[in-house]
Amino acid sequence: MNGSQDAPADGIFGLLPIWSRHIETSRKQTEDAIVALTARFSGIVQRIDTALNTSGTGAQQTDAHAEAQRSRQDLALVVDALKAIQLSRNELVEQIRTLSAYTAELQKMATEVDQIGFRTNILSLNAAIEAAHAGESGKGFAVVATEVRSLSNAARDTGKQITRKVGLINDALSAIGRTNEEVAARDDQTVRASDERIRAVIARFEDSTEMLAAAARRSHEESGAIKAEICESLVQLQFQDRVGQILAQVTASMNDLSAQTAHTTTEEADQAAREHADRMLSTYTTQEQKLNHQGIETTEVEQSAVTFF
Amino acid sequence: MAKRILLVDDSASVRTVAGIALRGAGYEVVEASNGQEGLAQLNGERIHLIISDVNMPVLDGIGFLKEVKKHPSYKFTPVIMLTTEAGEDKKQEGRAAGAKAWITKPFQPAVMLDAVSKLVMA
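Quick mapping for you: the protein sequence lines, in order, are chains X and D. Heads up, the first sequence is in this note's numbering, so the first residue is 10 and it goes up one at a time. Heads up, the second sequence is in this note's numbering, so the first residue is 5 and it goes up one at a time.
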């Protein structure tokens, strides 16, 4: 400024519209960028929300555990069925074993038949001797004695045959008992092996589902943490609203002063600037604008102060 | 049924931050970018709470608040002012016009949600 009373105030005041346009351009570019950034962050938050809702962890983990439990129960039923088959065969073998007791009785009865045959034979022999002593009159009785002897021999043969057959039945029953013991031992081993394999399969299945669930949980937690970070970044982006208001006030003020000082002398412009400075006080919206105006440096901005009326 | 909140602010970034927080807390949010647009939203639909900025183009927050308090259907709807204005004079102007709370920006969403839950109409 040259200080001349008649000189036009084109000097520094003439620069005001240029500075104002620069500031407005910067403000607009920042606002556009922040709004675009906010929209993108907001989109990311929504996509994370969708992912978190669809991936869900709790319900799936419960499903996996319930499925493992169901499989364990189903497979336990298979093992129980095998054990039941084993048990019913053992009962059958037990019944067969009771037959052995009857065969012992049969054996005894067969021996008695043989004894009866033997004693009848002796009796028929004595009868034959007595018939011989009787002479001609004992002839008929001798025929009877011979027939009785023949019958007693037949009875002894039958007794022996019964003994032989009962022996064969006994051998067969013993063989059945031995075979059953072998089969039962093998079955027992098979059932135990099946049980162990089933338990191993279930354990592996549970391990796998637990690993998957843990991975899903970690992923869920990480996504939640990322979402929280982005939301916090969005909160930080509020500076645009505040800075935008400060810059809008500056450009409006510059344009206003520029209009007031157009075609005025330097002295008049200086006076207009002083009056303008006073008016500016009423156009501030933030605390830092007021403090800056008074020449007090501001760094901290108070956050989220709530006043209830 | 979700409570409905009318959010009036000329800053898209502020609407986004507040909108995410409110929707995340289960509220339904209707947005407007100045007081006039806000009034257009008072069209008979039930609004349980209004959050409004103060410095906005076309119709500012205080002017908007005064119109809301004159509206036969919405005059009892609680209004929270959410603004960079921290001056006591401006706060008292808001209180006199019928605001229930004043929150200064930048705001923490949790603080805003706390105020909303205290004031939202049953």
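Glycine included, every Cβ here is placed at the ideal spot set by N, Cα and C. Only a predicted model underlies this, so the values are computations on that prediction, with no experimental measurement involved.
> For residue 104 of chain D, which residues of its own chain have a beta-carbon under 7 Å away from its beta-carbon, when the five flanking residues on both sides are left out?
Replying inline: Leaving aside the five residues that flank residue 104 of chain D on each side, the residues in its chain whose CB is nearer than 7 Å to its CB run, in chain order, 82, 83, 84 and 123.
> Near residue 9 of chain D, what residues of its chain come up, given a Cβ to Cβ distance below 8 Å and the 5 sequence neighbours on each side ignored?
Replying inline: 26, 31, 32, 33, 34, 51, 52, 53, 54, 55, 120 and 124
>> Quick check on residue 24 of chain D - is its C-beta less than 8 Å from some C-beta in chain C?
In response: No chain C is part of this structure, whose protein chains are labelled X and D.
>> List, in chain order, every chain D residue whose beta-carbon is nearer than 7 Å to that of residue 43 of chain X.
In response: Within 7 Å Cβ-Cβ: 17.
> Quick one: which chain D residues come within Cβ less than 9 Å of residue 208 of chain X?
Replying inline: By Cβ distance, chain D contributes nothing, its closest Cβ being about 45 Å from residue 208 of chain X, past 9 Å.
> So which residues of chain D does residue 48 of chain X contact, with C-beta pairs closer than 8 Å?
Replying inline: 16 and 20
> Are the Cβ atoms of residue 185 of chain X and residue 115 of chain X separated by less than 8 Å?
Replying inline: no
> Out of D/115, D/60, D/46 and D/44, which has the shortest C-alpha to C-alpha gap to residue 250 of chain X?
Replying inline: D/60
>> Let's test the definition: count the other Cβ atoms within 10 Å of the Cβ of residue 52 of chain X and tell me whether it reaches 16, buried, or not, exposed.
In response: exposed
> Can you list the beta strand (DSSP E) stretches of 3 or more residues lying completely in the segment 44–73 of chain D, in chain order?
Replying inline: 53–56
>> For the alpha helix (DSSP H) containing residue 105 of chain D, name the first residue and the last one.
In response: Here residue 105 of chain D belongs to no alpha helix (DSSP H); instead the beta strand (DSSP E) covers 105–108.
> In three-state DSSP terms, what is residue 1 of chain X?
Replying inline: There is no way to answer for residue 1 of chain X, as the model of chain X reaches only from 10 to 318.
> Given a threshold of 16 other Cβ atoms within 10 Å of its Cβ, counted over all protein chains shown, does residue 2 of chain X qualify as buried or as exposed?
Replying inline: Nothing about residue 2 of chain X can be read from this structure; chain X reaches only from 10 to 318.
> Applying a beta-carbon distance threshold of less than 7 Å, which residues of chain X neighbour residue 9 of chain D?
Replying inline: Neighbours of residue 9 of chain D on chain X: none; closest Cβ ~17 Å, over 7 Å.
> Of all Cβ atoms in chain X, is any one closer than 8 Å to the Cβ of residue 44 of chain D?
Replying inline: no
> Near residue 214 of chain X, what residues of its chain come up, given a Cβ to Cβ distance below 7 Å and the 5 sequence neighbours on each side ignored?
Replying inline: 77 and 80
> Does the beta-carbon of residue 14 of chain X have 16 or more other beta-carbons within 10 angstroms, so that it is buried, or is it exposed?
Replying inline: Unreliable placement is indicated for residue 14 of chain X, whose pLDDT of 46 sits below 50; the coordinate value is still reported in the next sentence. Taking all protein chains shown into account, residue 14 of chain X has fewer than 16 neighbouring C-beta atoms within 10 Å of its C-beta and is therefore exposed.
>> How far does the alpha helix (DSSP H) with residue 237 of chain X in it extend, from its first residue to its last?
In response: In the DSSP assignment, residue 237 of chain X falls within the unbroken alpha helix (DSSP H) covering 148–245.
>> Within 8 Å of any Cβ in chain D, is that where the Cβ of residue 254 of chain X sits?
In response: yes
> Can you name the start and end residues of the alpha helix (DSSP H) that residue 85 of chain D belongs to?
Replying inline: That residue, residue 85 of chain D, is in no alpha helix (DSSP H); its beta strand (DSSP E) goes 83–87.
> What do you get for residue 245 of chain X, buried or exposed, if any count of 16 or more other CB atoms within 10 angstroms of its CB means buried?
Replying inline: exposed
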